[in-house]
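The structure under discussion appears below in the form of structure tokens.
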Amino acid sequence: MTKKGGRKMIEAWRQREIERNKLLDELMRTFFILEEKEERLIGLGFCEVLIKYLESKQTGVLGLEKRDESAKLFFNGMLPKIKSFGRAPEEVDFVIAELLKKILNSALMPFNSALTSLEIRNPKLIFGADSAMTQQKLPGEEG
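Below you can see the structure in the form of structure tokens.
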């Protein structure tokens, strides 16, 4: 492959990555709008829908109801957009997996925030010390 040909491949790869990220951003906005409309955190339930869909690609069995709001949003709103965007089934699955990662990270933020808050309010409980900055011995370390 020539140097110029290699550069074009990299440029095409970058361009497609940019397009995928734009789609993922749009899908995340759609998800946050639904979450706001529902007035509750729905991330973990939505992740379950995505996981079951990805599992069904391997098992052939969907194993979920398409009636709940998360499933409706995915099957009626997001999946058609993703399938329209994807140029191959593998790309569709990849976009869904990336969406799963993004939504899962978002869904786990309250747990992270709660722990961080507790670490600040009560470091002795979490760290066994008066401060997170107190030096501790490593397990098995003598001295």
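Heads up: the sequence shown runs through residues 1401 to 1543, numbered per our numbering.
Backbone N, C-alpha and C fix where the C-beta goes; we use that ideal spot for every residue, glycine too.
- A residue is called buried once 16 or more other Cβ atoms fall within 10 Å of its Cβ, and residue 1478 is buried on that count.
- In this structure, the beta-carbon distance from residue 1471 to residue 1495 does not fall below 8 Å.
- Remark: C-beta atoms of residue 1452 and residue 1464 approach each other more closely than 8 Å.
- Two segments are said to touch when three or more pairs of C-beta atoms, one from each, lie closer than 8 Å; by this definition the stretch 1422 to 1440 touches the stretch 1502 to 1510.
- In the assembly as shown, residue 1511 is an exposed residue. Its beta-carbon has fewer than 16 other beta-carbons within 10 Å.
- Of the residues 1407, 1539, 1535 and 1444, the one whose Cα lies closest to the Cα of residue 1499 is 1444.
- DSSP, read as helix, strand or coil, puts residue 1487 in coil.
- For residue 1466, the three-state secondary structure derived from DSSP is coil.
- Going by C-alpha positions, residue 1501 is about 34 Å away from residue 1536.
- According to the DSSP assignment, residue 1456 belongs to the alpha helix (DSSP H) that extends over 1443 to 1459.
- In the three-state DSSP reduction, residue 1415 falls in the helix class (H, G or I).
- Excluding five sequence positions before and after residue 1531, the CB atoms of its chain that fall closer than 6 Å to its own CB belong to 1523, given in chain order.
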